[in-house]
Amino acid sequence: MNQASLKRNYYGYLFIAPFVIAFLIFGLYPIYNTIALSFTDATLMSKTGNFIGLMNFERLFADDIFMNAVKNTWLLWILNFIPQVGIAMLLSVWFTNARLNIKAVGVWRALFFLPNLLMPAAVAALFFSLFSFYGPVNQFLVRSGFLPEAMQFLQDVTVTRSLVIFIQWWMWFGQTIIILIAGMTSIPLPLYEAAMVDGATSTQMFNRITLPLLKPILIYVFVTSLVGGMQMFDIPFLLTDGRGSPSGSIMTNNILMYLKFSSSKGHIGAASSVGVLVFFMTSICALAIFYFLREKDSATSKSAKR
Amino acid sequence: MKRLYFVLSVLVALSMLLSACGAPATEKTVLNVWSFTNEINTMAIAFEGTHPDVDVVYTMIPMTNGEYQTKLKAAIGTADTPDVIALEAAFVKEYVEADFLADLGELLPIAEAAKTYPFVTDVGTNAADGVIKGFAYQATPGAVFYRRSLAKEYFGTDDPAEIQALMADMDKFIEMAAVIKEKSDGNTYMVGSSGDFQNPFFANRAQPWVVDETLVVDPMVEKYIETAKLFRDEGYEAQAQQWQEGWFAGMNDSLVDANGNSKQVFSYFLPTWGLPYVLAPNAKSADGAHDTSGDWGVVTGPLPYQWGGTWLGAMAKSPNLELAKEFIRFCTLDEKNLTNWATGVYTNDYLKAIDPQVPEDQVQAAGDFVSSQVVVEKITASFDDSELSAFLAGQNSYAGFAAAAPSVNAKLMTGSDDAIQRALNDPINQYLNGVIDADTMWTTWKDALRVEFPNLVIK
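Which chain is which? The protein sequence lines are A and B, in order.
Using the working numbering, the first residue of the first sequence is number 669, and each one after it goes up by one.
Using the working numbering, the first residue of the second sequence is number 616, and each one after it goes up by one.
Structure below.
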């Protein structure tokens, strides 16, 4: 190895330095600090915290509020993720299908993406007004005979959960469509042409060509949605009273963490313990997704090349 | 709608903040003031008028779901703390009992001269060491406002003294609700929301929520829930929620149920500030078709109570501590300012003359009840033929509040009240809707309290 190439290697480190430094300060340090705080009883109003071992974690499992928040978060995420990917996949296939040849795909794509640009606060306020006791939904349903009398929608567990799921789906499926279309258009066209020549049906082409080649994209969608879903906060927080009402049915991990943080004394130690558990839960699940959906034959093909 | 409004006002507040930052540097001393409504901004502008060398940078953060409290707590130990903070009754004690606020003892003689109502200074004082850390410009005794036309229809009189006799205690109040329901065929509700009489019940507890770090459920709390359940089951309340559409619609008689039937609300529990800030502005519907101005009367109601109020404190670490104290003195103890504040001198034009960039809706209407007895005594007579008296068909509400204010008691207030009462709302709603029973309601509430009060002993 001569000196020139050594220097060139150093330049490489220089180039990645900005990212590494930013990551250490804004990524790694907060994680370290959160873990450190979770073993203390620190509050915002007192500044000093004492080391209390695993007390915060013990308290989390002393009643079922934390487990309830974890269950809610998974429920709200899974029930919005399945239709989100399902419908996004269907629309993406239609948009990229050469036989259907849908016009103005860009316009449709923009329309579906539009809800994503709305401020979650505004969306929550909109649905809050629509479904209030004296709101238009009650008026419509009662006057057209679907309901005998007005109901408190946002005090009903099923309705409120469904609303959160619907809003999450509605705001995010357009985003998924864009990613899936990008993935599908990157699949080489000759593969489909060859399949058509061999007499393959649309279903066969989707199962044998689109899905396998889309797998990296799907993993990406899966993992980013999981990470986002486990941190679900703004819509459930703003739709009702910010405490996961009714009956704690839309209390998510992050709302629980926020409640602990925003309590009268600001218990940041206790709040951190929620953050730490969510961090580990999300990390393990994301790694599991990578493991189970990994390219299973990649190892063998590499050794074959050698 | 309310939430949307808050979101918009945050944006406005932020853009104001940004434009203030973007302004060319001047020699003025900057005083940072944080609050949760745009109310104090009026006094901030007036303060700039009398102190031309000061630039008050005003930041408004709403507190619908406690955003203001959160933001304040997050900023309080850092370099970004403001100089002066507004503290609402629900959480003022938490700050008075902590170490971040400056000792305002040097303002006490001025408060004595202004005869500030004792409960106002009590709330601002840390009971543990007697140090005063907050002053308020308002005193906020509560009252009941009722519709005169409906009172005449159902009780044959709209005279405040007679109505007060009819609702002298809570049992009589319930009887009244039954009469109204019967005579109106269920089209008139006694109250818009059972949450309306939550404050009066809580104000008449014998013990605070927390004694020796242990949760206390006073019999009055149970009595409140019983009464609320009765009102829901018997249809005495409109099932509107406080601060939401239906609740406001009842004020201007535009409440329409889902079938399109018109409904009336007979009474509203509101304190001093409720008249100029809540009832009067909402007495006219947005389309102008409904107007209940002049159809209201006011009485003390079944239970004496006080509700809300805003205290001002200075951060001990503020680099402009003397100026911050002067700002607090001006807002809460200055006779001229309090007189201007209460009598409607601070019009939009008045404020625009000081700062041309003042938004159109920045204005202080007459009628807010101030904390200084000296000022109250001087200006009470001026409300005899004011716009607000006309709103109450000639009744001078100021005189009524002046009679009630000295007896207000704030001994029950603790720093935890806000969070404890917020946590109770959803379990109560679920109980009133018949989804859960009373036992589940209590356990749900107590579990929720453990989230926010890890060290609280809950039995």
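Even glycine gets a Cβ: it sits at the ideal position worked out from N, Cα and C.
The structure displayed is predicted, hence computed values, not measured ones.
Judged by pairs of C-beta atoms under 8 Å, the stretch 855-866 of chain A does not touch the stretch 818-837 of chain A, as fewer than three such pairs exist. Ile846 (chain A) has its alpha-carbon roughly 21 Å from the corresponding atom of Tyr860 (chain A). Under the three-state reduction of DSSP, Val738 (chain B) is assigned to helix. Only residues of its own chain outside the window of five on either side were considered, and among them Leu759, Phe841, Gly842, Ile845 have a CB closer than 8 Å to the CB of Phe780 (chain A), listed in chain order. A check of alpha carbon separations from Asn1024 (chain B) across B:Ala661, B:Tyr673, B:Arg820 identifies B:Arg820 as the nearest.
At a cut-off of 8 Å between beta-carbon atoms, Phe801 (chain A) makes contact with chain B. For the stretch 790-820 of chain B, the set of positions with a beta-carbon nearer than 7 Å to some beta-carbon of chain A is empty. In the three-state reduction of the DSSP assignment, Gln753 (chain B) falls in the strand class.
When DSSP reads this structure, Trp838 (chain A) sits in no beta bridge, so it has no partner. For Asp902 (chain A), no chain B residue has a Cβ inside 7 Å of its Cβ, as the nearest lies near 11 Å away.
For the stretch 772-801 of chain A, the set of residues with a beta-carbon nearer than 8 Å to any beta-carbon of chain B comprises Met787, Ala789, Ala790, Ala792, Ala793, Leu794, Phe796, Ser797, Ser800, Phe801, in chain order. Judged by DSSP in its simplified three-state form, Met900 (chain A) adopts coil rather than helix or strand.
Counted as a single uninterrupted DSSP element, the alpha helix (DSSP H) harbouring Val773 (chain A) occupies residues 773-781. If only uninterrupted alpha helix (DSSP H) runs of at least 4 residues are considered, those enclosed by the stretch 821-900 of chain B are 834-849, 860-866. Contact between Asn874 (chain B) and Arg767 (chain A) is ruled out by a C-beta separation of about 51 Å, above the 8 Å threshold.
By the Cβ-count criterion, Ala818 (chain B) is buried, with 16 or more other Cβ atoms from all chains shown falling within 10 Å of its own Cβ.
Three or more Cβ pairs drawn from the stretch 705-724 of chain A and the stretch 923-941 of chain A lie within less than 8 Å of each other, which places the two stretches in contact.
With contacts defined by Cβ atoms closer than 8 Å, Ala939 (chain B) and Asp698 (chain B) form a contacting pair. Cβ neighbours of Glu975 (chain B) within its own chain (closer than 7 Å, five residues either side excluded): Asn963. The count of Cβ pairs closer than 8 Å, one atom from the stretch 788-805 of chain A and one from the stretch 819-835 of chain A, reaches three, so the stretches are in contact.
The three-state secondary structure of Leu722 (chain A), taken from DSSP, is coil. At a cut-off of 8 Å, the C-beta of Ile1073 (chain B) has no neighbouring C-beta in chain A.
With three or more CB-CB distances shorter than 8 Å, the stretch 802-810 of chain A counts as touching the stretch 818-827 of chain A.
In this structure, Ile957 (chain A) sits near Val891 (chain A), with a CB-CB distance shorter than 8 Å. Within the DSSP secondary-structure output, Trp926 (chain B) pairs in a beta bridge with B:Leu702, B:Ala751. Unbroken beta strand (DSSP E) stretches of 3 residues or longer found wholly inside the stretch 669-699 of chain B: 669-675, given in chain order.
The three-state secondary structure of Gly807 (chain B), taken from DSSP, is coil. In the DSSP annotation of this structure, the continuous segment of the beta strand (DSSP E) that includes Val645 (chain B) starts and ends at 644-650. In this structure, the CA atom of Cys953 (chain A) is about 15 Å from the CA atom of Leu743 (chain A). Ranked by Cα distance from Arg777 (chain A), the options A:Met787, A:Trp762, A:Pro788 are led by A:Trp762. Here DSSP, grouped into helix, strand and coil, assigns Gln1010 (chain B) to coil.
Annotation: the continuous alpha helix (DSSP H) that includes Gly943 (chain A) extends over 936-960. Contact between Glu709 (chain B) and Ser932 (chain A) holds: CB atoms are separated by about 5 Å, below the 8 Å threshold. When C-beta distances to chain B are compared with 7 Å, the residues of the stretch 920-951 of chain A below that value are Leu924, Leu927, Lys928, Ser930, Ser931, Ser932, Gly934, His935, Ala938, in chain order.
In the same chain as Thr1029 (chain B), and ignoring 5 residues on each side of it, the C-beta atoms closer than 7 Å to its own belong to Lys708, Pro823, Trp824, Val825, in chain order. Listed in chain order, the non-local C-beta contacts of Val738 (chain B) below 8 Å within the same chain comprise Ala704, Val707, Lys708, Val711, Gly749, Ala751, Gly924, Trp926, Ala1025, Met1028, local neighbours out to five positions each way being set aside.
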